[in-house]
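Engineer: With numbering that gives the first Met the number 0 as the guide, the letters of the sequence shown map in order to residues 0 to 94. For each residue, glycine too, the CB sits at the ideal point set by N, CA and C. Only a predicted model underlies this, so the values are computations on that prediction, with no experimental measurement involved.
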Amino acid sequence: MEMIVMQLALFVLSLFLGVELITKVPPTLHTPLMSGTNAISGITLVGALIAAGAGDSASGLVHGLGFIAVVMATVNVIGGYLVTNRMLAMFKRKN
Numbered sequence: 000m001e002m003i004v005m006q007l008a009l010f011v012l013s014l015f016l017g018v019e020l021i022t023k024v025p026p027t028l029h030t031p032l033m034s035g036t037n038a039i040s041g042i043t044l045v046g047a048l049i050a051a052g053a054g055d056s057a058s059g060l061v062h063g064l065g066f067i068a069v070v071m072a073t074v075n076v077i078g079g080y081l082v083t084n085r086m087l088a089m090f091k092r093k094n
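1. Given Val61, which residues of its chain have a CB within under 6 Å of its CB, disregarding the five upstream and five downstream residues?
2. Could you check if Val69 is buried or exposed, using at least 16 other CB atoms within 10 Å of its CB as the buried criterion?
3. DSSP three-state call for Ser58: helix, strand or coil?
4. Which of the three DSSP states, helix, strand or coil, is assigned to Val76?
5. Taking the alpha-carbon of Ser34 as reference, which of Arg92, Lys93, Lys91 and Ile77 has the nearest alpha-carbon?
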């Protein structure tokens, strides 16, 4: 029980820190920030693939959750790159 409370407190603190940091970023730096976030999401995708492909000792629940994590991380990475591409297109000069 104590571990759950500690993890919840850490999550809430990281939430406040994330909001505080994002509000301080000027709009011109949002595109590089999105690229960095996409790289982190790619690491999450690798972790999800490892969880989904766990050995024979893993239960069906682990494989199921790993598969769901792979799908969600893939959607996040693809969506992030599409949004980043759209943001970069706004900076291109129109001929």
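Structural biologist: On the basis of the data shown:
1. Excluding the 5 residues flanking it on each side, Val61 has same chain C-beta neighbours closer than 6 Å at Ala53, in chain order.
2. With a 10 Å radius around the Cβ and a threshold of 16 neighbouring Cβ atoms, Val69 comes out buried.
3. Coil.
4. In the three-state scheme derived from DSSP, where H, G and I count as helix and E and B as strand, Val76 is classed as helix.
5. Here the closest residue by C-alpha is Ile77.
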